[in-house]
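Here is the structure we will look at, set down as structure tokens.
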Amino acid sequence: MKLSTSLFLSAGLALLMAIAPVLLTFIAAGIAQAYGCQLDEGSAHKCIIAGRDYGETLYTMGVAFWMFILTALYLPVAVAFAVAGFINLVRGREDPSKNSKTGWIFWLLVMAALLFPILGLQSLLLAGIAAALFWYRKKNSEPVG
Numbered sequence: 001m002k003l004s005t006s007l008f009l010s011a012g013l014a015l016l017m018a019i020a021p022v023l024l025t026f027i028a029a030g031i032a033q034a035y036g037c038q039l040d041e042g043s044a045h046k047c048i049i050a051g052r053d054y055g056e057t058l059y060t061m062g063v064a065f066w067m068f069i070l071t072a073l074y075l076p077v078a079v080a081f082a083v084a085g086f087i088n089l090v091r092g093r094e095d096p097s098k099n100s101k102t103g104w105i106f107w108l109l110v111m112a113a114l115l116f117p118i119l120g121l122q123s124l125l126l127a128g129i130a131a132a133l134f135w136y137r138k139k140n141s142e143p144v145g
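Residue numbers for the sequence shown follow the numbering used here, so the first one is 1 and each next one is one higher.
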């Protein structure tokens, strides 16, 4: 897979993770409206669909919107991956994951970016390891002279 393709897929995944709570809320609102049920943030209301009460489920889906406060942190990650994908597409660079010298470093940086909203500063440890590996490999690959 080309690097630009994997970057765009990563951007799409990060965007999906960011907006998933909002999508759940819209789905719950659509189901509640279609079956004439009441949906609000105050409490769960009875909602009978095909003989079963889905009020609690719809309530949980409805208040999932508040998770967006946390998952919104994936939006800058998605933008960064998309920008990197466009830059790579325009420049036409080769896939660094196929380069034995930079492959692991590239994927460590990708994982650090994806884990940053979850782990916070701990994911910077992955970026630091990637930087140290890059420096070490560059230092050892330069001809002495």
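Note that beta-carbon positions come from the ideal geometry of N, C-alpha and C, so glycine has one too. Here the structure is a predicted model, which is why all the values come from computation and not from measurement.
When C-beta atoms of the segment 75 to 86 are compared with those of the segment 30 to 40, fewer than three pairs fall below 8 Å, so the two segments do not count as touching.
Around the C-beta of THR25, 16 or more other C-beta atoms lie within 10 Å, and the residue is accordingly described as buried. Separation of PRO76 and LEU16 (C-alpha to C-alpha, rounded to the nearest whole angstrom) is 13 Å. Beyond the five residues adjoining it in sequence on each side, MET61 comes within less than 6 Å, by CB distance, of LEU24, ALA28 in the same chain, given in chain order. Taking each of PRO21, ALA131, ILE129 in turn and checking the Cα distance to ALA72, the smallest one comes out for PRO21.
Listed as beta-bridge partners of ILE49 by DSSP are ARG52.
By the neighbour-count criterion, in which 16 or more other beta carbons inside 10 Å mark a residue as buried, SER4 falls on the buried side.
Around the Cβ of SER10, a 10 Å sphere holds 16 or more other Cβ atoms; the residue is buried. Taking a C-beta distance under 9 Å as the contact criterion, ALA80 and ALA113 qualify as a contact pair. The distance from the Cβ of ALA78 to that of ALA131 is about 23 Å, inconsistent with a contact at the 8 Å cut-off.
Of the residues assessed, ASN140 falls on the exposed side of the cut-off, its CB having fewer than 16 other CB atoms within 10 angstroms.
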